[in-house]
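These notes are about the structure you will find just below.
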Amino acid sequence: MDKKTVLVIDDQDLMRESLGESLERAGYRVRAFSNGKDAIKSFLEGGVDAVITDLKMPEMSGVDVLERCKRIAPDVPVIVITAFGTVETAVRAMKQGAFDYIKKPFEPEEIEMVLRNAVERRALMAENEYLRARVAQERAPSLVVGVSRAMRDVMAEARKIAAVSSSTVLIYGESGTGKEVIARAIHAESPRAGKPFLAVNCAALSAGLLESELFGHEKGAFTGADRMRKGRFELAEGGTLLLDEVSEIDIGLQAKLLRVLQEREFERVGSSDTRRADVRVIATTNRDLTAAVREHKFREDLYFRLNVLPVRVPPLREHIEDIPELVEHFIEKCGRVLGKKLEGIKPHALRKLEEYHWPGNIRELENVIERAVVLASGRVIEVEDISPSLDGSRMLSAGGDMEITTVEEMERRLIVAALERFGWHQKRSAEVLGIGVRTLRDKMKKWDLKPARRKMPA
Numbered sequence: 016m017d018k019k020t021v022l023v024i025d026d027q028d029l030m031r032e033s034l035g036e037s038l039e040r041a042g043y044r045v046r047a048f049s050n051g052k053d054a055i056k057s058f059l060e061g062g063v064d065a066v067i068t069d070l071k072m073p074e075m076s077g078v079d080v081l082e083r084c085k086r087i088a089p090d091v092p093v094i095v096i097t098a099f100g101t102v103e104t105a106v107r108a109m110k111q112g113a114f115d116y117i118k119k120p121f122e123p124e125e126i127e128m129v130l131r132n133a134v135e136r137r138a139l140m141a142e143n144e145y146l147r148a149r150v151a152q153e154r155a156p157s158l159v160v161g162v163s164r165a166m167r168d169v170m171a172e173a174r175k176i177a178a179v180s181s182s183t184v185l186i187y188g189e190s191g192t193g194k195e196v197i198a199r200a201i202h203a204e205s206p207r208a209g210k211p212f213l214a215v216n217c218a219a220l221s222a223g224l225l226e227s228e229l230f231g232h233e234k235g236a237f238t239g240a241d242r243m244r245k246g247r248f249e250l251a252e253g254g255t256l257l258l259d260e261v262s263e264i265d266i267g268l269q270a271k272l273l274r275v276l277q278e279r280e281f282e283r284v285g286s287s288d289t290r291r292a293d294v295r296v297i298a299t300t301n302r303d304l305t306a307a308v309r310e311h312k313f314r315e316d317l318y319f320r321l322n323v324l325p326v327r328v329p330p331l332r333e334h335i336e337d338i339p340e341l342v343e344h345f346i347e348k349c350g351r352v353l354g355k356k357l358e359g360i361k362p363h364a365l366r367k368l369e370e371y372h373w374p375g376n377i378r379e380l381e382n383v384i385e386r387a388v389v390l391a392s393g394r395v396i397e398v399e400d401i402s403p404s405l406d407g408s409r410m411l412s413a414g415g416d417m418e419i420t421t422v423e424e425m426e427r428r429l430i431v432a433a434l435e436r437f438g439w440h441q442k443r444s445a446e447v448l449g450i451g452v453r454t455l456r457d458k459m460k461k462w463d464l465k466p467a468r469r470k471m472p473a
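Read in this note's numbering, the sequence shown has 448 at position 433, and its numbers run on one by one without any break.
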C-alpha cells in the first residue's frame, strides 16, 4: 500500500518534530512546516492526504489554514490541535470543515487513530464516487421535469443525440437552466449508459491541477506527486465525461483537450506513454463561446470540435408553464431530504412564482422552494414563505436603491452585492451574475474586492 502523505504545521519546533517522527514511525510520509504560508504552498502542489495544524500560530492561524485548504481541496481532511482548546474554538473549526480536533497534550496513539479514520474516510468517499455517479445517471431522466414545448423539444433533441454515442456535445444556456441534468439524461439513454458518467468543473481548478485531474499523472511528475493517479479520461473509459464550464479552461490547456477530441489519445502528466481514450465528451457553458473566440480567449478549432452537436437549454422565463410541475417536484424532493412532508403550494403563491423573472433560472427556483419548505408553518407553502427570497433577488437584479453612475461602476456594485449576498462564495455569485468564475475573479482582482477580514479567536 502506498504511504499516505500528511502535512504537519506547528510553530513549536519540539512539537512539530516529535509529531512528525511519530507519524513516520506509523508509516506516513510527513511534510512538516513551522508556518501556514509555506505549508499552503506545499498543499497547492497536491499529493496531500491529510493536514494536521496547530490552531494558535503567528501570522496565519490554524483556522486560516483550514479555510485555505477547504477552498483548494475540500475533500482533504484537516485535523486541528491546540493547547488553547476551548469548546468555542473547536466548534468554530468543526463548523468550518475540520475533520476533528485534539487538545495538547495528547498521546501519539490518539492522533494516529484520528488520522487513520480521516484518511480511511477520504478513501471511502473516493471509492464511492463511481457508484454515486452511476446512481445519479440512472435517476437523470426522471429529473428532466417539464411539459412545455420548449423542454419537449430539448428532450427530443437529447434523445436523438444519445443514439450517436461518440460525437461531442455542447450544451449551452444561462446558469441554473439544468445543463448538467440534460447531460446526464443524454448519457443515461445512450449505448454508454452502463459505463461511468464523470463530471469536472473546469472553473474550480487551476490550469495545472485541471491538467492532472483530466489526464492523470505519474509518480514524481511534480513536487508532491508521490503516487500514480489516473485522470478522468481514464476513469470514464467507455462512458461519458462532462466538462462543466468548459469556457474557463486555460488557453494553454485547450490544445491538449483538442488533441484528445481529435486523436482520441493523451499522456499522463510526467509520462511519454500514449493512452487511448474511449470517452464521449459533453461540454457545458453559460458564456458565448463565439465571442470568446473573437476575443482570443478560446481556440476556434476547439470550439468547432466541441460544437458538433449543440443543445440550447432555454432559461426558465421562456417556459414558465413548467413552473407548477417544477414546484411540485422540488416540494417533494426538499421535503424528502428535510423530513418535512408538505401538501403543496397556495395558488396565490404559485402565481407570484410565475410572475417572477428568474435570473437564476431553475436552480434559483429550487433554492426558493427549499427555503419555503423550511419556513412553512402549515401543510402548504404560503406567499409569505416565498416573498423574502424573491424580494431579495429583485433588489439584487435591480441594484437596490443605488444611484447609477458609469456602467463600470454599476457593474462593480452589482458584483459586490452578489458577493455579499452569497457570503463571498464566488461560484454561486458568478452563476447568479451570469458570468464565469474566472471572469468574476478577474473583476475582483481589478477592483481589489475582498471580504472584510474576520478576527480569529485567541
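No residue lacks a Cβ here, since even glycine has one placed at the ideal position from N, Cα and C.
Given the structure is predicted, the values throughout are model-derived calculations rather than measurements.
Could you check whether residue j and residue i sit closer than 8 Å to each other, using their CB atoms as the reference points?
| i | j | result |
| --- | --- | --- |
| Leu368 | Val342 | yes |
| Glu233 | Gly246 | no |
| Ile186 | Lys175 | no |
| Ile401 | Ala364 | yes |
| Arg9 | Leu357 | In the structure displayed, the chain extends from 16 to 473; residue 9 sits before or after that span and is not available. |
| Ser57 | Phe48 | yes |
| Ser444 | His334 | no |
| Arg320 | Thr104 | no |
| Gly191 | Pro329 | no |
| Lys361 | Val398 | yes |
| Val537 | Val45 | With the chain covering only 16 through 473, there is no way to say anything about residue 537. |
| Glu252 | Gly231 | no |
| Arg207 | Arg295 | yes |
| Trp462 | Arg427 | yes |
| Ala13 | Val91 | The shown model of the chain, from 16 to 473, leaves out residue 13, and the question about it has no answer. |
| Leu268 | Glu226 | yes |
| Met72 | Asp26 | yes |
| Leu81 | Ala113 | yes |
| Leu130 | Ile96 | no |
Considering only residues of the same chain and omitting the five flanking positions on each side of residue i, which have a CB-CB separation below 8 Å?
| i | result |
| --- | --- |
| Met30 | Asp69 and Lys119 |
| Leu380 | Leu331, Ile338, Leu341, Val342, Phe345, Leu368 and Trp373 |
What number of angstroms, rounded off, separates the C-alpha of residue i from the C-alpha of residue j?
| i | j | result |
| --- | --- | --- |
| Gly375 | Thr289 | 42 Å |
| Gly42 | Ser76 | 28 Å |
| Arg24 | Glu127 | The displayed chain sequence assigns Ile, not Arg, to residue 24. Approximately 16 Å between the Cα atoms of the pair. |
| Pro466 | Glu260 | 25 Å |
| Val383 | Arg137 | 32 Å |
| Asp53 | Cys84 | 13 Å |
| Gln441 | Pro89 | 15 Å |
| Gln277 | Arg378 | 34 Å |
| Leu258 | Thr454 | 18 Å |
| Glu446 | Val134 | 33 Å |
| Leu273 | Leu448 | 29 Å |
| Leu59 | Ile87 | 7 Å |
| Ala200 | Ala173 | 8 Å |
| Lys110 | Tyr116 | 12 Å |
| Arg456 | Ala432 | 15 Å |
| Glu529 | His202 | This structure cannot speak to residue 529, because the chain is shown only from 16 to 473. |
| Ala298 | Val352 | 29 Å |
| Ala1 | Leu220 | This structure cannot settle anything about residue 1, because the visible part of the chain is limited to 16 through 473. |
| Glu370 | Leu434 | 26 Å |
| Tyr145 | Ile197 | With a pLDDT of 48 at Tyr145, under the threshold of 50, the modelled position of this residue cannot be trusted; read the value that follows with caution. Each residue's alpha carbon lies about 19 Å from the other. |
| Pro211 | Thr300 | 22 Å |
| Val452 | Glu74 | 29 Å |
Skipping 5 residues on each side, what residues in its chain have a beta carbon closer than 6 Å to that of residue i?
| i | result |
| --- | --- |
| Ser157 | Because Ser157 carries a pLDDT of 47, less than 50, the predicted location of this residue cannot be relied on, and no value is offered for it. |
| Asp265 | Ala222 |
| Val275 | Phe281 and Ala292 |
| Gly359 | Val395 |
| Pro123 | Ser37 |
| Ala177 | Ile201, Glu204 and Ser205 |
| Leu34 | Val23 |
Any heavy atom of the ligand FMN closer than 7 Å to the Cβ of residue i?
| i | result |
| --- | --- |
| Lys442 | Here there are no bound small molecules, and the ligand FMN is not part of this structure. |
Please list, in chain order, all residues of the same chain as residue i whose beta carbon is under 7 Å from its beta carbon, the five residues on each side excluded.
| i | result |
| --- | --- |
| Leu304 | Ser262, Phe313 and Tyr318 |
| Ala513 | Since the first and last residues shown for the chain are 16 and 473, residue 513 lies out of range. |
| Thr327 | Reading the sequence as shown, one finds Arg at residue 327 and not Thr. Only Tyr187 and Gly188 meet the Cβ criterion. |
| Cys513 | Outside the displayed span of the chain (16 to 473) sits residue 513, for which this structure offers no information. |
Hey, is residue i's beta-carbon within less than 8 Å of any beta-carbon in chain C?
| i | result |
| --- | --- |
| Met166 | Chain labels in this structure do not include chain C; a single protein chain is all it has. |
Which complete alpha helix (DSSP H) runs does the stretch 342-385 hold, if anything under 4 residues is left out?
As far as the stretch 342-385 is concerned, its whole alpha helix (DSSP H) runs of at least 4 residues are 362-370.
Do three or more CB pairs link the stretch 280-298 to the stretch 240-259 at distances below 8 Å?
yes
Touch check for the stretch 163-171 and the stretch 205-224: three-plus C-beta pairs under 8 Å?
no
4-residue-minimum alpha helix (DSSP H) runs that sit fully inside the stretch 220-276, ordered along the chain:
222-230 and 247-250
Which whole runs of the beta strand (DSSP E) in the stretch 168-211 are 3 residues long or more, in chain order?
At a cut-off of 3 residues, the continuous stretches assigned as beta strand (DSSP E) that sit fully inside the stretch 168-211 are 184-187.
Output the residue ranges of the beta strand (DSSP E) runs that lie fully inside the stretch 56-102 and measure 3 residues or longer, sorted by chain position.
Those beta strand (DSSP E) runs which fall completely within the stretch 56-102 and span 3+ residues are 65-69 and 93-97.
In the stretch 276-330, which residue ranges form an unbroken alpha helix (DSSP H) of at least 4 residues, counting only runs that do not cross its ends?
304-309 and 315-321
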